[in-house]
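Structure, as structure tokens:
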Amino acid sequence: MNKSMLVTGGAGFIASHFIRYIRQKYPETHIMTIDKLTYAGSKKNLEAVIDDENYHFIEGDIADEQFINDIFSEYDIGGVVNFAAESHVDRSIKDVKTFIESNMLGTAVLLQAAREAWNNADELDTRRFHQISTDEVYGSLGLDSDEKFNERKPYDPRNPYSASKAGADMLVKSFGHTYGMNVVTSSSSNNYGPAQHEEKLIPTIIANALKGQPIPIYGDGKNVRDWVYVTDHCEALDLIYHNGKTLEKYNVGGGNEKTNHELAMMICDILDHLKPGQYSHKELITFIDDRQGHDRRYSVDYSKIKNALGWTPSTPFEKGIYKTVEWYVNQWEKVSH
Ligand SMILES: NC(=O)c1ccc[n+]([C@@H]2O[C@H](COP(=O)([O-])OP(=O)(O)OC[C@H]3O[C@@H](n4cnc5c(N)ncnc54)[C@H](O)[C@@H]3O)[C@@H](O)[C@H]2O)c1
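First residue of the sequence shown? That's 1 in UniProt numbering, and the numbers climb one at a time after it.
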């Protein structure tokens with residue numbers, strides 16, 4: 001079996017954790033990363049692996065057909081894990097086109113290049129294409145319901161980001177059905193952990209609290225997200241990539257539903273402990289105008305991956321969030337001294 005893996009978007013938050021995880025667990029696997037290095041990507045996230053013999057970084061855009069075709073003709077790629085995407089809902093509300101280009105067109109370009117290269121190698125049905133998707137494709141759940149997203153739930157994306165991810169998922173499935181490609185898709189809930197881009201909710205809460213600035217929380221703060229620790233997600237992705245069934249979809253959740261307000265309060269409690277001051281960081285929490293089309297609640301049913309592949313999230317939220325806050329505080333102290 002060809003053990004080389006193309007990981008797109010490797011300089012981003014989740015993919016950089018995934019690359020470190022795979023490098024440690026399968027040192028013999030050759031990993032190649034393509035990343036456009038948008039504002040969200042940083043080679044700093046790859047410092048731990050960048051000089052490894054079995055690791056290779058190439059800057060480029062997955063939506064650039066010539067560039068991607070050249071990569072597939074130059075290298076014998078055993079499988080693709082497609083993380084590369086514009087990932088921030090707020091940005092998608094202001095600039096839809098970039099999201100369509102990277103998330104949909106980029107996925108289509110990768111699929112086409114992989115199909116052609118693997119067809120020529122006579123291994124179209126064995127080489128894997130793993131699409132990294134999101135629970136947001138399923139839409140929004142009611143606050144009063146106890147419904148969860150399972151894999152049979154019809155897609156109902158409600159913002160340009162989730163619509164672009166849903167479109168990409170459909171393309172992936174179509175390449176499996178039409179051309180017999182060995183595709184698999186996973187949809188995870190919100191990830192948290194070290195080294196997430198500062199524009200996302202948890203880093204924003206921590207950074208603003210440390211700066212003594214208002215901590216912005218959308219609307220009434222009651223929107224619910226289900227949080228999974230990033231390395232738990234990486235464990236799930238490893239299992240899905242290696243053992244998931246062709247054309248199947250697997251949902252990955254943390255079993256940690258928190259309102260945004262609750263989350264901010266928990267983080268402030270940790271900061272009050274790590275960086276005690278004259279006042280509680282909670283006093284900085286400020287409710288601001290709601291996000292347009294703000295999905296109310298996400299909750300992921302991960303029983304399929306649990307039963308089929310034996311995965312469950314292993315990091316208790318209290319432990320994961322403490323480690324995460326501690327990491328940001330350490331980074332903060334490094335730059336402020
Ligand atoms: N963060 C989450 O909570 C979460 C939850 C579920 C699913 N996802 C999905 O996981 C994937 C990674 O999310 P993340 O939060 O780590 O994202 P991120 O924004 O931290 O990283 C995205 C990376 O992709 C790169 N990129 C963007 N467009 C590109 C292009 N056209 N060509 C090549 N590289 C490009 C960026 O430079 C960046 O390094 C995304 O597909 C996202 O939809 C994220």
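Beta carbons: idealized from backbone N, C-alpha and C, even for Gly.
Top-ranked residue by Cα proximity to residue i, from the options
i    : options                : result
Y192 : Q112, D122, G139, G254 : G254
K323 : I270, Y298, W311       : I270
P214 : R291, T204, K222, N223 : T204
R91  : Y298, T38, E151        : T38
K319 : D301, H281, I267       : I267
E65  : M32, V109, A15         : V109
K43  : Y302, A195, L284       : A195
Y55  : I19, D70, D35          : I19
I202 : A117, G9, E326         : E326
I50  : V96, A11, K148         : A11
E257 : A117, G142, V80, M104  : G142
D52  : Q24, E74, G79          : Q24
N330 : L274, S303, R296       : L274
Residue i classed as buried or exposed, judged by whether at least 16 other C-beta atoms fall within 10 angstroms
i    : result
K334 : exposed
Y279 : exposed
T107 : buried
I285 : buried
P316 : exposed
A168 : buried
P154 : exposed
Simplified DSSP assignment, three categories, for residue i
i           : result
residue 364 : Only positions 1 to 337 of the chain appear in this structure, which leaves residue 364 out of reach.
R91         : helix
R297        : strand
Q292        : coil
Q131        : strand
W227        : strand
N150        : coil
H17         : helix
G106        : helix
Y328        : helix
M181        : coil
P216        : strand
E333        : helix
L237        : helix
Y250        : strand
Residue i CB to nearest heavy atom of ligand 1 below 7 Å
i    : result
N260 : no
G78  : no
A63  : yes
D301 : no
I34  : yes
E86  : yes
G212 : no
S188 : yes
A209 : no
S102 : yes
L111 : no
L141 : no
Bridge partner(s) assigned by DSSP for residue i
i    : result
T126 : Beta-bridge pairing links T126 to no other residue.
T286 : P216
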